[in-house]
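Single-structure report; data block below.
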Amino acid sequence: MSLLVVLAALFGLFWGLRRALYRSLAPERVPERALPDDLGLDFREVRIATARGRRLFGWWLPAGAPGPAPAVALLHGWGGNAETLLPLAGPLRQAGFAVLLFAARCHGRSDADSFASLPRFAEDLGHALDWLKRQPEVDPDRLAAVGHSVGAGAVLLTAARRADLAAVASIAAFAHPRAMMRRFLAAKRVPYRPFGWLILRYVEQVIGHRFDAIAPVNTIRAIRCPVLLAHGADDRTVPVAEAHAIHAARAGDHVVLKILPGSHDQFADLDQAAAELVAYLRTQVVGRLRP
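In the numbering used here, the protein residues as written are 28 to 318.
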């Protein structure tokens with residue numbers, strides 16, 4: 028067998044494994060079905076420019092009150108869409124917030140891209156927040172962000188990089204992407220040595236970031252605005268111990284941890300969870316005096 032044939036076979040094997048890895052890690056695209064007006068909320072569809080020439084699909088719900096209002100961007104988790112956090116929109120509107128629900132790239136009705144990742148979620152959130160600041164109905168000094176799961180990690184990463192957020196809330200964030208990926212590989216029965224280790228190194232190369240640099244247990248130390256960490260006590264996807272680990276790594280008393288009844292995607296009492304989150308943001312953001 029010639030060297031050329033061997034190289035071609037190895038290239039074919041690598042390409043096949045690469046495609047299989049991309050397929051296994053790609054989020055399921057689920058279009059939005061419910062609409063805000065199903066809950067009696069006025070809204071308009073928006074398209075927001077993001078990185079790499081892509082556009083994000085979203086729903087914009089102005090506060091409806093006279094004068095610039097505080098605003099909050101809501102970001103779903105892996106495989107979610109703009110509809111995922113829609114149950115929070117009504118309580119937030121009642122608390123005086125303008126609300127932006129949007130889908131990250133490769134999710135919902137937003138544009139596709141080569142891959143999705145926590146850093147790209149954060150990129151999309153950054154562009155969504157910049158879009159909010161340009162709206163005449165929004166007070167740019169009273170911006171907040173709420174994220175779930177991977178979206179929660181993106182919210183914490185964004186807050187570590189920006190100084191213009193009044194407060195953020197993280198729902199069911201994992202402490203470190205490496206641990207999350209290892210749980211995923213174990214569920215697929217992929218041995219960590221050597222295959223899992225190689226896969227994790229490859230994923231870091233593809234997304235262009237080391238896991239340590241984007242891990243919530245590390246980014247929490249750089250956040251200076253108030254932070255609410257909310258987590259379900261019965262979460263089996265991301266153990267509640269990870270919320271405690273993030274909280275323990277904080278660099279001040281501005282990070283609050285709330286353990287609520289419920290699982291990763293469903294809280295046992297959504298009204299209680301929404302009330303906790305809205306009360307926190309109302310205290311930290313709505314009542315904040317403008318400079």
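Where is the CB? At the ideal position from N, CA and C, for every residue including glycine.
- Comparing C-alpha distances from His203 to each of Ala194, Pro89, Tyr229 and Pro266 shows the shortest one belongs to Pro266.
- Cβ-Cβ separation between Ala172 and Leu88: approximately 15 Å, too far for a contact (criterion under 8 Å).
- In this chain, Leu192 is not harboured by any alpha helix (DSSP H), its DSSP state being neither H nor E.
- Arg263 and Val57 have their C-alpha atoms spaced approximately 22 Å apart.
- Thr310 sits exposed, since fewer than 16 C-beta atoms from the chains shown fall within 10 Å of its C-beta.
- About 5 Å separates the beta carbon of Ala155 from that of Phe129, a gap short enough to meet the 8 Å contact definition.
- For secondary structure counted as the beta strand (DSSP E) over 3 or more consecutive residues, the region 66–103 holds these complete runs in sequence order: 71–76, 82–88 and 96–102.
- Bounds of the alpha helix (DSSP H) holding Lys160 are Leu145 to Lys160.
- The three-state reading of DSSP puts Phe211 in helix, counting H, G and I together.
- By the C-beta criterion, the region 271–283 is judged not to be in contact with the region 228–240, since fewer than 3 inter-stretch pairs fall below 8 Å.
- Sequence-distant partners of Pro93 (beyond 5 residues in either direction) whose C-beta falls short of 6 Å from its own C-beta are missing from its chain.
- Judged by pairs of C-beta atoms under 8 Å, the region 250–261 touches the region 180–197, as three or more such pairs exist.
- For Ala131, there is no enclosing beta strand (DSSP E), as DSSP gives it neither H nor E.
- Just measuring C-alpha positions, the residue of Gly174, Met208, Leu62 and Gly107 sitting nearest Gly153 is Gly174.
- Less than 8 Å divides the Cβ of Ile250 from the Cβ of Ala187.
- Following the DSSP letters along the chain, one finds Asp298 in no beta strand (DSSP E) but inside the alpha helix (DSSP H) bounded by residues Leu297 to Leu308.
- Judged by their CB atoms, Ala260 and Leu287 are nearer to each other than the 8 Å cut-off.
- Annotation: Glu72 to Phe222 spans about 44 Å, alpha carbon to alpha carbon.
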